[in-house]
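Q:
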Amino acid sequence: MLKDPGRYAYLPLIERPKITWPGGARVAVWVAPNIEFYELQPPGPFWPRTVPDILNYSHRDYGNRAGVWRVMEVMQRFGVRGSVSLNAGLCDHIPAIIDACVGLGWELFSHGIYNTRLIYGMDEDQVRAMIRDSVDTIRRKSGQEVRGFLAPAISSTETFLDLLPELGIRYTLDMVFDDQPMPVRVRQGRLVSVPYSFELNDIRAMGARGFPPERYAAMAKAAFDQLYEEGAETGMVLCLPIHPFIIGEPHRIAALDEVLRHVTSREAVWLATAGEIADWYLAHHYDAAVAFAAEREGQR
Amino acid sequence: MSVPPDHLAYPRRKAGLDHDWFVHSPVRERPKLQWPNGARIALWITVPVEFFPLDQPAQPFRPLGALDRAYPDLWAYANRDYGNRVGIYRIMRVLDRLGLRATAAVNAAVAERHPRLVAEIVRRNWDIAASGIDMGHVHHGGLARDAEQELVQRAAAILRRASGQPVEGWHSPAHSQSMNTLELVAGAGFSYVMDWINDDLPYEMRTAAGPLVSLPLTHEWSDRNILLQHELMIEDYASQVMNAFRCLDGEAKDHGGRVLSLSVTPWIMGYPHRIAGFARLLESICGGGSVWPATGAELAAEFRRQQARPR
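Same order as they appear, the protein sequences are chains W and E.
Sequential numbering of the first sequence, starting at 12, is according to our numbering.
Sequential numbering of the second sequence, starting at 2, is according to our numbering.
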């Protein structure tokens with residue numbers, strides 16, 4: 012086992028190359044609807060209760076029957092596109108949802124095949140096969156070339172990040188070590204970590220911890236305000252990871268409206284997709300960050 | 002290191018769901034439901050009436066609310082029992098005053114232990130649904146089919162005898178089922194179930210023993226989830242329920258009748274520090290919208306009537 016993932020350099024907030032966003036924006040905001048398919052009877056362990064775990068399975072199914080349509084409606088109201096963390100199996104099971112995402116101009120990235128298939132213990136060929144399957148499936152259904160990956164249920168192996176560039180993937184969301192994009196060290200090619208969110212994830216804030224929607228909205232707005240202020244110096248990223256079966260519930264959906272209303276009310280905001288952020292960073296900032304990190308490490 | 006090959010095989014990866022109880026159906030795309038008197042919201046209140054045994058088994062899992070400290074957990078036992086002695090009567094007073102009736106999802110053990118409580122439910126013409134034997138008997142995948150069938154039939158017989166009602170509804174303790182539960186429940190003469198939390202509306206399920214209507218009993222904004230699991234305050238409960246009400250009431254204008262399900266537990270909501278907040282919430286819901294108060298049996302019957310109507 013490793014003591015340290017060894018995937019990124021130590022570049023403290025107070026000392027790193029400046030990032031600029033298109034149009035002089037201070038904050039790039041992106042929204043990540045996790046649109047998922049959970050299996051009733053997965054081959055490996057997943058569900059907290061005995062299988063079939065009707066309560067938890069049916070709760071997730073709520074997202075695909077009811078919640079996702081509410082989420083789409085609210086995001087459309089504010090002109091916010093989604094970058095979908097997509098279990099590719101959904102392309103087979105419920106293709107109408109994919110059609111709707113494509114129709115809205117949303118970006119799709121790979122979140123594996125099913126959220127109930129964790130990658131722990133997979134060898135590299137197995138990881139490759141699973142990701143290639145997801146990328147091919149999403150391309151076939153949507154016509155989109157997948158550029159990003161988030162491992163199902165944020166499971167991991169020591170080396171899966173190394174395999175992403177060879178599968179055409181340019182950004183990962185599996186590490187939440189920064190509020191700016193950062194280069195990720197991989198065996199070959201280039202990979203960017205686009206900031207995702209840990210505490211602001213609706214499944215943690217409102218699902219696991221049960222915060223009232225008003226408190227979640229206040230947290231998200233406070234995070235935005237802080238990053239907007241800091242963004243005057245260097246471009247920051249705010250990600251809102253959401254789940255249709257959490258924030259798409261009728262007692263919570265108003266919180267998404269409140270947060271997006273706030274975020275879209277400010278001028279210097281880049282409403283981006285994760286792929287746009289990664290592409291911009293690769294084109295304008297990646298090389299500088301790598302060179303800066305190499306220089307710092309050389310001085311140590 | 003590698004994982005077994007079946008972790009990369011997907012035998013049920015095809016159009017539709019990975020089971021055969023119902024087909025995928027987006028809630029927005031269904032024919033509009035119309036509630037009596039043009040009401041936008043069917044208000045369906047469910048009161049779980051439960052017995053938590055002192056010798057609660059740890060396996061296969063402990064339901065939310067089950068006794069979980071060292072045996073004998075007198076403290077938690079008595080707290081749950083408070084609901085059947087005191088709390089439920091406070092809930093009854095609130096509903097009586099507002100002219101509302103509920104579905105009581107009753108563990109059969111309560112009918113055997115407290116006939117007076119069942120008589121009070123029946124006297125109010127509440128709808129009695131069967132909720133298994135008690136909270137120490139969960140239905141789960143490890144249960145043999147015969148053993149589970151015996152649980153379903155015994156609970157049905159006890160509750161039908163004790164109440165004199167047909168007892169059409171079934172609620173598995175802790176929303177837990179095996180792969181056989183739905184078929185066994187349909188086979189025991191039940192017509193509606195309220196375990197699945199995947200919808201805003203009633204919908205039809207298929208089993209080898211006949212159809213069932215699934216009613217959308219809330220877990221997400223139940224008092225058990227908000228007040229017990231997440232340890233929030235009655236004000237947080239009321240505010241989230243009002244959010245749900247406003248959202249569903251707004252959607253009903255365009256998409257047809259919606260259901261607001263409330264799940265209120267005697268040993269949680271029936272405390273003196275919460276009941277007045279609950280009463281105010283109900284007053285707001287009944288006063289601020291266009292509400293059809295319905296029991297589970299009434300809601301299921303109305304849904305079936307509209308499904309059968311030629312379109």
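Quick reminder that beta carbons are idealized off the backbone N, C-alpha and C, glycines included.
Assuming the contact rule is C-beta atoms closer than 8 Å, V205(W) and P192(W) should be a hit. Round their C-beta distance to whole Å, please.
A: Their Cβ separation, rounded to whole angstroms, is 5 Å, which keeps V205(W) and P192(W) in contact under 8 Å.
Q: Distance cutoff 7 Å, beta carbons only. Does D72(W) sit that close to anything in chain E?
A: Interface residue, yes.
Q: Which word fits H296(W), buried or exposed, when buried means at least 16 other C-beta atoms lie within 10 angstroms of its C-beta?
A: H296(W) comes out buried.
Q: Using a Cβ cut-off of 8 Å, pull out every chain E residue sitting near M141(W), in sequence order please.
A: By Cβ distance, chain E contributes L9.
Q: Please check the pair Y73(W) and D200(E), which I expect to be a contact at CB under 8 Å, by giving their CB distance rounded to whole angstroms.
A: Their Cβ separation, rounded to whole angstroms, is 7 Å, which keeps Y73(W) and D200(E) in contact under 8 Å.
Q: Output, in sequence order along the chain, the residues in the stretch 180–198 of chain E whose CB is closer than 9 Å to any CB in chain W.
A: Result list: M180, T182, D196, W197 and I198.
Q: Would you say the stretch 30–40 of chain W touches the stretch 108–116 of chain W, given that touching needs at least three Cβ pairs under 8 Å?
A: Touching, no.
Q: Give the interface partners of L233(E) over in chain C, defined as CB-CB distance under 8 Å, in chain order.
A: The question asks about chain C, but that chain is absent: this structure's protein chains are W and E.
Q: Let me see if you follow: with CB-CB separation under 7 Å, is W293(E) close to chain W or not?
A: Not closer than 7 Å to any Cβ of chain W, the Cβ of W293(E) fails to qualify, so no.
Q: Apart from the five residues on each side of it in sequence, which residues of its chain come closer than 6 Å, Cβ to Cβ, to E4(W)?
A: What is shown of chain W runs 12 to 311, which leaves residue 4(W) out entirely.
Q: Pull up the distance between the alpha-carbon of G88(E) and that of E169(E), whole angstroms please.
A: Cα-Cα distance, rounded: 25 Å.
Q: When DSSP labels each residue in this structure, what does T170(W) get in the three-state scheme?
A: DSSP places T170(W) in coil when its eight states are reduced to three.
Q: Please report the residue range of the alpha helix (DSSP H) in which S153(W) lies.
A: E135 to S153 is the span of the alpha helix (DSSP H), which, as asked, contains S153(W).
Q: Identify every residue that forms a DSSP beta bridge with W281(W).
A: For W281(W), which the question treats as bridged, DSSP gives the partners A39(W).
Q: At least one CB of chain W closer than 7 Å to the CB of D128(E): is that the case?
A: No, D128(E) does not count as interfacial toward chain W.
Q: Can you look up G170(E) in the DSSP assignment and give me helix, strand or coil?
A: In the structure shown, G170(E) sits in a strand (DSSP, three-state: E or B).
Q: Compare the C-alpha of L18(E) against each of R143(W), G132(W) and R76(W) and name the closest.
A: The shortest Cα separation from L18(E) among R143(W), G132(W) and R76(W) belongs to R76(W).
Q: Can you find a CB in chain E that lies within less than 7 Å of the CB of R60(W)?
A: For R60(W), the answer is yes, since a Cβ of chain E falls inside 7 Å of its Cβ.
Q: Are at least three pairs of beta-carbons, each pair with one atom in the stretch 13–27 of chain W and one in the stretch 52–71 of chain W, less than 8 Å apart?
A: These segments do not touch.
Q: Report the rounded CA-to-CA distance for R143(W) versus I149(W), giving the unit in angstroms.
A: Taking the straight line joining both Cα atoms gives about 10 Å.
Q: Please classify L13(W) as buried or exposed, where buried requires at least 16 other C-beta atoms within 10 Å of its C-beta.
A: Looking at its Cβ environment, which holds fewer than 16 other Cβ atoms inside 10 Å, L13(W) is exposed.
Q: Distance cutoff 7 Å, beta carbons only. Does L51(W) sit that close to anything in chain E?
A: True, the Cβ-Cβ gap to chain E drops below 7 Å.
Q: Using a Cβ-Cβ distance under 7 Å, would G114(W) count as near chain E?
A: No - not a single Cβ of chain E is within 7 Å of the one on G114(W).
Q: Give the straight-line distance between the Cα atoms of T31(W) and S96(W), rounded to the nearest whole angstrom.
A: Looking at the two C-alpha atoms, the distance is approximately 26 Å.
Q: Could you tell me whether any Cβ in chain W is nearer than 7 Å to the Cβ of R29(E)?
A: So yes, R29(E) belongs to the interface.
Q: Counting contacts by CB-CB distance shorter than 7 Å, is W41(W) in contact with chain E?
A: It does not: the Cβ of W41(W) has no partner Cβ on chain E nearer than 7 Å.
Q: Mind pulling the alpha helix (DSSP H) runs of 4 or more residues that sit fully within the stretch 110–152 of chain E?
A: Within the stretch 110–152 of chain E, the complete alpha helix (DSSP H) runs of at least 4 residues are 116–124.
Q: In angstroms with no decimal places, state the Cα-to-Cα distance between A39(W) and I258(W).
A: The straight-line gap from Cα to Cα measures roughly 22 Å.
Q: Starting from Y204(E), trace the beta strand (DSSP E) both ways and give me its first and last residue.
A: Looking at the DSSP string, the run of the beta strand (DSSP E) that includes Y204(E) is Y204 to M206.
Q: Quick test of your reading: L99(E) and C287(E), contact by CB under 8 Å. State the CB separation rounded to the nearest angstrom.
A: Going by Cβ atoms, the distance from L99(E) to C287(E) rounds to 6 Å, so yes, they are a contact pair.
Q: Evaluate M2(E) with the Cβ neighbour count: other Cβ atoms within 10 Å of its Cβ, from every protein chain shown; 16 or more gives buried, anything less gives exposed.
A: Exposed, since its Cβ has fewer than 16 Cβ neighbours within 10 Å.
Q: Roughly how many angstroms lie between the CA atoms of P27(E) and A219(W), to the nearest whole one?
A: Roughly 26 Å separates the two Cα atoms.
Q: On the DSSP bridge list, what partners appear for R259(E)?
A: I42(E).
Q: Are the Cβ atoms of S166(W) and L119(W) separated by less than 7 Å?
A: Contact flag unset, no.
Q: I want to see whether chain E comes within less than 7 Å of Y137(W), judged by CB atoms only; does it?
A: Reading off the sequence shown, one finds Gln at residue 137(W), where the question assumed Tyr. So yes, Q137(W) belongs to the interface.
Q: Could you give the C-beta distance for H262(W) and D213(W), rounded to a whole number, given that I count them as a contact under 8 Å?
A: 13 Å between Cβ atoms; not a contact.
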